[in-house]
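Trainee:
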Amino acid sequence: MFVYAGGLSEDRGILKTLEAIKIIRGDAKFIFIGNFRDKETEDKIMSFAKENLKDKDIEWTGRIGHKDVLEYLNKAFAGFILLQPKNWRYVNSEPIKLFEYMMSKTAVIASDFPMMRNIVEGKTAAFWWILLILKRLQRL
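Numbering (my numbering), first residue to last: 21 to 160.
1) Could you check whether the region 32-39 touches the region 101-110, counting it as contact only if at least three pairs of C-beta atoms, one from each stretch, sit closer than 8 Å?
2) Any chance the region 47-55 sits against the region 81-95, with 3 or more Cβ pairs inside 8 Å?
3) So, with DSSP's three-state summary, where would you put T37?
4) What separation, rounded to the nearest whole angstrom, lies between the Cα atoms of A69 and L38?
5) Would you mind reading off the limits of the beta strand (DSSP E) that contains K117?
6) What does a CB cutoff of less than 8 Å around P115 pick up in its chain, not counting 5 residues either side in sequence?
7) I78: which of I44, G85, E141 and H86 sits nearest, CA to CA?
8) Under DSSP, the alpha helix (DSSP H) around F196 begins and ends at which residues?
9) What residue does the beta strand (DSSP E) around E79 start on, and which one ends it?
10) Closest to I129 by CA distance: which of I41, M66 and D58 is it?
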């Protein structure tokens, strides 16, 4: 199972996450925890999912309690945090979500930003898995 937990918006990488899911082969469950930023984003994302991810097992939970989020993270293989570089704050941030994933020993599929790389590299609680997915996403 793969998890995304947080606000659902394009600058937080929801569309890139769905594009990554589209190219993943095999069976896996994908859980999206959180609310959409606005109705326009929700319509765009749900339309993309309906058109491109019919064969994927995707669950949208909406906003749930912190204990419930932790239960999902404890069961997950990896968590997505594909923040987009258009927002300069993300490039130089230390996202709380990264620490939440690491604390629950959930592997991290993350943007390759220097601050996040410095936190994750060499840690046994998480690993940096971006090579093929992000290189392919850059070509989309």
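Note that the Cβ used here is the ideal one computed from N, Cα and C, for glycine as well.
Mentor: Inspection of the coordinates gives the following:
1) yes
2) yes
3) helix
4) 7 Å
5) Element bounds for K117: not the beta strand (DSSP E) but the alpha helix (DSSP H), I116 to M123.
6) I101, L103 and M136
7) I44
8) With the chain running from 21 to 160 in the structure shown, residue 196 is simply not present.
9) D77 to G82
10) I41
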